[in-house]
Every structure is written in C-alpha cells, then in structure tokens.
Amino acid sequence: MATDPTYPLYPVLSILSAALSLLILVGGLFRPSGNLNLGVGFLCFWLVLENFANGISAIIWFESADVKFHVYCDIVSRIHLVCPTINSLTTVIVIRRLYCIASLRPKGSYASEWVLGSLVPMSVAGPLYYIVQGARFQVLEGFGCTYVIAHSLLGILLTQAGTIIPSMLAFVLYYPKVIEFFHRHHKDMSRFSLALPTNYIRILAIASINTMLLLPLNIVMLVLVLISPCEAGTLPFYPGWNVVHRNWDPISVRYAVLQDRGAIGITLPYLMRWTSPVLAMVIFCLFGLTAEARASYRHMCSAICVSLGRKPVVTVHEQDVHNSSSTGESRGLHSLSGTATSVMIIA
C-alpha cells in the first residue's frame, strides 16, 4: 500500500499537466501570429520538466526511500530549486512588459529577460546552491529525490530569497501602474463597446496568480522552514565550508520520519509539489483553450501528417478565426497604447 494518500492521483495529474504545458509550448511554434510571451514560455518550459520529473519520482519511490538513480536525482534536485525561482522571476518579466505598455515606454532588449529567465535561476541551482549543499541529494519516501540545504541562514537566503523578493519588487514597482492602466482603459473602451485584448487579460491573470497566490504561499513555506530552528535557537549564519560538505552521501528519509517531524515536516513536501501541477492546469486553461491555440494545434497536426507523407488535416474557418483574432487584437492594442510601437510588445 502506498504511503502517500494522494497516490496515484498525484503522478497522473503531474504527468498530464506536463503534457498540457508541453502542448502550449509546441503549439506556440505553430502560431501564425508569433510565439508565446517569453515569460509564459519560460514558465511552461520549467513546468514541463518539474511536473514530469515529480510524476515519475512519485511512481518510483511511492513506497520506498531507496537511494538509486543518482544522476537522475542530481538533475531533479536542481529542477526543484529552479522552478520556484522561475515562478517569481516570470512575474517580473510579465509585469514589466505590461508596465512598458502602460507607461508607453519601449519594451527594451530581450537580453534582460533571458538573464532573468535562464541565467539567474541556473545560478541559484548551480554555484549558489553548492555553497550550502549539505548532501548530494535526499530521497523522501512517497515523494522522490530533492535538494538538501545546510542548516544555516545563508542557505535560506541563497536558495529561498529568489522565490519571494522578485515577486515583491514586481508587485510594488509595476503592479499598481498596470492595474490602474487596465482599469482606466476598460472604462474608456466600454464606452465605445470595445474589449480589451484577451491576450493581455490572460497574461495579467498569470502575473496576478503568481503575485497573489504563490507569493503568500512561498512566504508561508519560508516561515515553516524557520519555525523549528528559531524556536530551538540553533540557526547559524553559515557553519563553514568544511562542515557543510563533510558528509556528501545521499540521504534517505522514510515517510514515518516525516510524520514524526510534525505538521511542518509532512506539510512542506505536499505544498512544494502540488503547486506546479495546479499552476500548469491554470496556465493551460488561460492559454491552451483559445481559438488561436486550437488553430495552432491543427497546424501542428497538419505538419505531422505532412512529415509522415499523409494528407494534411483540412480545417474549416481556421483562417477566418485567425484573421478575426488578429484584427481584434491589433485594434485593441492600438487603442491601448496610442502608438504603433506598442503593438508588438507582447507576442
């Protein structure tokens, strides 16, 4: 009998959510109007990796904590560090894009967004994590392998600060201006029976979810991590390089041990792993069910048929749907920005 009461629901939902996120990514390549917003693309890419890895891990270790598949665990443990950071950084990328529209400013270079979406999280999961990495990895029975952070304040700062600080900065610096902009133009456009571009609404919804839901959740998890050591008064700033890297062997943790740690020990793994499939499902509902997304799926099926030497799938009214969508978006974008340059700010 599985130790995890959510088995097999969790691995099924994780693998399904990974497939849906992958469908959004691949479908974006076949969009006639262009690719996904870069922030949403980063988020979907890492959700594919994390949800698929979590689903596989839940199956492999559903009733054991055996240390095995070392290389796989090395990769997955770092993915678990990257994804919470990506959730926060993509909020900055998305909100900043909308802020540029609201302020009628040029969107700037994509280089800064690539740095935020790739270089920063890889640095957190690479050299910064190695400074405070207490063991190669740990295997939690019923959950799978994950990272190990040395018991120190520096470890929390280097690995957990990236899940909170970027979202807080985006909320303080950009979010009020964006909300004011959308509210003002919603009233102006309602006067002429026009609608805001739905793409903007969906992107704002993703940013709002990351800010209003994931940010408080990350703060709660950080508080849960700090409660026990703060109560015991045993949280050093950094015990030292030799102490941190003294025992490098992987750690095995039984499910009963997690239960013995109390509500905190058993709550944290569930909070950490259920966030990603839920977020992936929300993103698919916002971006994967639109008329343009469905058209991209048909384009993808046609391309697959051509590559297999079969007759392409014939779609009815597909071009009309795309043209009406593109025309509506362009009209809304022109009304929102007041300048032609802002039409291409969000793909």
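Note that the working numbering has the sequence shown beginning at 2, numbered continuously upward. Every residue gets a Cβ at the ideal spot worked out from N, C-alpha and C, and that includes glycine. In this text the structure is predicted, and so the values were computed from the model without any measurement.
Between which two residues does the alpha helix (DSSP H) containing residue i stretch?
i, result
"Leu120", "Careful: Leu120 lies outside any alpha helix (DSSP H) and carries neither H nor E."
"Val245", "242-245"
"Gly266", "264-288"
"Ser168", "166-174"
"Asn200", "199-210"
"Ser297", "292-308"
"Leu155", "154-161"
"Ala112", "112-115"
Taking the beta carbon of residue i as the centre, do at least 16 other beta carbons fall within 10 Å, making it buried, or is it exposed?
i, result
"Ile228", "exposed"
"Gln320", "Since pLDDT at Gln320 reaches only 48, below the 50 mark, its modelled position is unreliable, and the value read off the structure follows with that caveat. With fewer than 16 Cβ atoms within 10 Å of its Cβ, Gln320 is classed as exposed."
"Gly127", "exposed"
"Asp67", "exposed"
"Tyr131", "exposed"
"Ser327", "The pLDDT assigned to Ser327 is 45, lower than 50, so where the model puts this residue is not dependable; a value taken from the coordinates is nonetheless given after this. It is exposed - the Cβ of Ser327 has fewer than 16 other Cβ atoms within 10 Å."
"Gly234", "exposed"
"Met222", "buried"
"Ser104", "exposed"
"Gln134", "buried"
"Asn243", "exposed"
"Ala341", "Its pLDDT being 31, under 50, Ala341 is placed unreliably in this model, and the coordinates cannot settle the point."
"Val224", "exposed"
"Arg185", "exposed"
"Gly310", "exposed"
"Leu272", "exposed"
"Val93", "buried"
"Tyr256", "buried"
"Glu181", "exposed"
"Cys231", "exposed"
"Leu259", "buried"
"Ala171", "buried"
"Phe63", "buried"
"Val27", "exposed"
"Leu280", "buried"
Over the uninterrupted beta strand (DSSP E) stretch that includes residue i, give me the two end residues.
i, result
"Gly143", "Taken as a continuous stretch (DSSP letters only), Gly143 belongs to no beta strand (DSSP E), as it is neither H nor E."
"Ser253", "252-254"
Can you tell which of the options has the C-alpha that lies nearest to the C-alpha of residue i?
i, options, result
"Val201", "Leu24, Leu287, Ser113, Gln134", "What sits at residue 201 in the sequence shown is Tyr, not Val. That would be Leu287, whose Cα lies nearest to the Cα of Tyr201."
"Phe183", "Tyr271, Thr235, Ile204, Leu120", "Ile204"
"Val1", "Ile132, Ala162, Ile157, Val149", "A question about residue 1 goes unanswered here, because the residues of the chain that appear run from 2 up to 348."
"Ser253", "Asn38, Gly143, Gly56, Thr7", "Gly143"
"Glu114", "Cys231, Met301, Arg262, Ser89", "Ser89"
"Ser78", "Tyr111, Arg262, Ala136, Ser22", "Ala136"
"Val116", "Gly241, Gly40, Leu129", "Gly40"
"Cys74", "Asn243, Gly28, Gly145", "Gly145"
"Asn95", "Ile210, Arg299, Met282", "Checking the sequence, you will find Val at residue 95 rather than Asn. If we check each option's Cα against that of Val95, Ile210 comes out closest."
"Leu44", "Ala151, Ile80, Tyr256", "Ile80"
"His71", "Val283, Pro278, Phe138", "Phe138"
"Ile25", "Met282, Gly310, Leu309, Arg311", "Met282"
"Ser58", "Ala171, Leu280, Tyr11", "Tyr11"
"Gly241", "Leu269, Leu155, Gln260, Thr276", "Leu155"
"Pro1", "Leu236, Thr276, Tyr239", "Residue 1 lies beyond the stretch modelled for the chain, which goes from 2 to 348, so this question has no answer here."
"Pro9", "Leu23, Gly42, Asn38, Gly56", "Gly56"
"Trp47", "Pro6, Ser119, Tyr111", "Ser119"
"Val13", "Ile157, Phe53, Thr147", "Phe53"
"Ser278", "Leu170, Val226, Leu215, Val121", "It is Pro, not Ser, that sits at residue 278 in the sequence shown. Residue Leu215 is the option with its Cα nearest to Pro278."
"Ile61", "Leu23, Asp5, Gly29", "Asp5"
"Met169", "Phe285, Tyr111, Ile220", "Ile220"
"Ala206", "Leu158, Thr91, Gly28, Glu51", "Thr91"
"Thr269", "Glu51, Val226, Lys69", "One point to set straight first is that residue 269 is Leu, not Thr, in the sequence displayed. Ranking Glu51, Val226, Lys69 by Cα distance to Leu269 puts Val226 first."
"Tyr239", "Pro251, Pro167, Ile157", "Ile157"
"Ile16", "Ser124, Leu159, Arg274, Gly28", "Arg274"
"Val49", "Leu30, Ser18, Ser297", "Ser18"
Given the structure, does residue i come close to the ligand ZN, in the sense that its CB is under 7 Å from one of the ligand's heavy atoms?
i, result
"Asn243", "In the structure on display, the ligand ZN does not appear, and there are no ligands present to speak of."
Specify whether the segment 238-250 and the segment 294-305 touch according to this definition: at least 3 beta carbon pairs, one from each stretch, less than 8 Å apart. no
For a minimum of 4 consecutive residues, which ranges assigned as the alpha helix (DSSP H) are wholly contained in the segment 26-103? 39-61, 71-103
Does the segment 94-103 touch the segment 166-180, meaning 3 or more C-beta pairs lie closer than 8 Å? Enough Cβ pairs lie closer than 8 Å, so yes.
Taking one C-beta from the segment 152-165 and one from the segment 277-293 each time, how about it: are there three or more such pairs within less than 8 Å? Proximity of the segment 152-165 to the segment 277-293 falls short of the contact definition, fewer than three beta-carbon pairs being nearer than 8 Å.
Counting pairs of beta carbons, one from the segment 80-87 and one from the segment 257-265, are three or more of them closer than 8 Å? The segment 80-87 vs the segment 257-265: no contact.
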